[in-house]
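Q: In our numbering, the protein residues as written are 6 to 400.
This structure is in structure tokens; I'll ask about it shortly.
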Ligand code: GLU
């Protein structure tokens, strides 16, 4: 590579979720009828009671810089939410509000990781975990899982992945892309391993917390022995259909929160002031106010699962949360369909885009090369049409 850009950016992979969404947009602009099942973005409008709070904030002239770590009222509201939903006691000096959960995660990685540190990523993992780790010049160690274990790792696998260089592990339940939810007992079994390795910090990404269908997810920091070394990440994008508002937050040990505040103070300052005012209303709202979206996602999940199971070669499990399905499609590897040789999941995802006009994301992006991700944050009509097209293209 001979451009004058830094090695840092040259070695950074493009976010494949965003790249696929951009590709679908581009093809649509060319007149192609693409159904986008690539981006994890609720297709609902932000609820009116949240929009009203934002309009009121504008009319009240909220237009100045906010404290770097967020408005005091918002941090108080987040503490109330953590107690109410997660049985976690945080004080406002343990909270940092950021421009989306993605920035929260990047802050944490920047303040905790040194070059050469190792980060454990149970697969499948969200695309940006690995890229953010790489940006910090740390390395990531994957723990494989498969659809046969509902994409869960075992304590023995965790133990085997730990080295003296391990500094962090990322947990994400409900999981993007698999929809898997770890039970309290499963999390406690993993915590028992981590108890033996006090140098490891845990990032628990709980952004899909409210999008669960059968059981309420458990917060890792609620395990007493883990509280002092866990950073709980959450945000408003998914549960409140507020992806573009860009509000994420952490609850963390105070020294980590302080470091994130310092980092953010040099890079972005506080998150958008209007979105923060609206966020106070959103996080304090009773959870049943967003239940209609969760119910709709559940209906769609059942439809997607039912339809995908009818396609030969698709191995499907039942995701318990988030709004993704992550079928294993490795049966197609080595086959030639409609003149196209499928060697891997990327070929398969590209095949679906070109022959079925359906955008998905390859499992390679998530460390699971046998799978592809389909987001069912799309209308029922689109979902049915997309799977019909996939079936036809494969026939
Ligand atoms: N988190 C969503 C996804 O996985 C949005 C895109 C992104 O930031 O990666 O599709």
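Note that CB positions come from ideal geometry on N, CA and C, so glycine has one too.
#1: Hey, out of 290, 276 and 229, whose CA is closest to residue 252's CA?
#2: Taking 8 angstroms as the cut-off, is the CB of residue 44 close to at least one heavy atom of the ligand GLU?
#3: What residues match up with residue 208 in a beta bridge as DSSP calls it?
#4: Determine the DSSP secondary structure at residue 139, reduced to helix, strand or coil.
#5: As a quick exercise: from 298, 327, 336 and 235, pick the residue whose alpha carbon is nearest that of residue 94.
#6: Going by CA-CA distance only, name the one from 186, 245 and 238 that's closest to residue 257.
#7: Using only alpha-carbon positions, find the residue among 162, 171, 212 and 204 that is nearest to residue 186.
#8: So residue 145 is in the beta strand (DSSP E); what residue range does that whole segment cover?
#9: Of all the options 278, 338 and 100, which has the alpha carbon lying nearest to the alpha carbon of residue 348?
#10: Give a yes or no on contact between the segment 292–306 and the segment 323–342, applying the rule of three or more CB pairs nearer than 8 angstroms.
#11: Using the Cα positions of residue 361 and residue 153, report the straight-line distance between them to the nearest angstrom.
#12: Classify residue 386: buried if its beta carbon has 16 or more other beta carbons within 10 angstroms, exposed otherwise.
#13: Taking just the CA atoms, how far does residue 31 sit from residue 44?
#14: May I ask you to check if the CB of residue 139 is nearer than 8 angstroms to at least one heavy atom of the ligand GLU?
#15: Please name the residue in 77, 52, 146 and 399 whose C-alpha comes closest to that of residue 167.
#16: The beta strand (DSSP E) that contains residue 286, what's its start and end?
#17: Helix, strand or coil for residue 167, going by three-state DSSP, please let me know.
#18: Can you tell me which of 23, 21, 179 and 79 puts its alpha carbon nearest to the alpha carbon of residue 287?
#19: Output the residue ranges of the beta strand (DSSP E) runs that lie fully inside the segment 75–110 and measure 3 residues or longer, sorted by chain position.
#20: Can you give, in chain order, each stretch of the beta strand (DSSP E) that sits fully within the segment 302–356 and has at least 3 residues?
#21: Could you tell me which of 357, 65, 366 and 60 sits nearest to residue 391, measuring between CA atoms?
#22: Pop quiz: residue 475 and residue 375 are said to be a contact at Cβ under 8 angstroms. What is the actual Cβ separation, rounded to whole angstroms?
#23: What residues are listed by DSSP as bridge partners for residue 376?
#24: Could you tell me whether the Cβ atoms of residue 77 and residue 97 are closer together than 9 angstroms?
#25: If you draw a straight line from the C-alpha of residue 342 to the C-alpha of residue 400, how long is it?
#26: In its own chain, which residues sit with a C-beta less than 8 angstroms from the C-beta of residue 220, not counting the 5 before and 5 after it?
#27: Can you tell me where the beta strand (DSSP E) with residue 253 in it begins and where it stops?
#28: Give me the Cα-Cα distance between residue 119 and residue 103, rounded to the nearest whole angstrom.
#29: Please list, in chain order, all residues of the same chain as residue 193 whose beta carbon is under 8 angstroms from its beta carbon, the five residues on each side excluded.
#30: Taking the alpha-carbon positions, what's the residue 170 to residue 144 distance?
#31: Thinking just about the alpha-carbon of each residue, which of 198, 290, 128 and 8 is nearest to the one in residue 368?
#32: Would the segment 11–31 and the segment 128–142 be scored as touching if the rule is three or more Cβ pairs under 8 angstroms?
#33: Any idea what DSSP makes of residue 61, helix, strand or coil?
#34: If the criterion is Cβ atoms closer than 9 angstroms, does the pair residue 88 and residue 123 meet it?
#35: Give the DSSP bridge partners of residue 367, in chain order.
#36: Determine the DSSP secondary structure at residue 217, reduced to helix, strand or coil.
A: Reading it off the structure:
#1: 276
#2: yes
#3: 175 and 236
#4: helix
#5: 235
#6: 238
#7: 212
#8: 144–148
#9: 338
#10: yes
#11: 28 angstroms
#12: exposed
#13: 14 angstroms
#14: no
#15: 146
#16: It is not in any beta strand (DSSP E) - residue 286 instead sits in the alpha helix (DSSP H) that spans 278–289.
#17: coil
#18: 79
#19: 100–103
#20: 340–342 and 345–347
#21: 357
#22: Within the shown structure, residues of the chain are numbered from 6 to 400, placing residue 475 beyond reach of any answer.
#23: 333
#24: yes
#25: 8 angstroms
#26: 186, 188 and 325
#27: 253–256
#28: 22 angstroms
#29: 228
#30: 10 angstroms
#31: 128
#32: yes
#33: helix
#34: no
#35: 377
#36: strand
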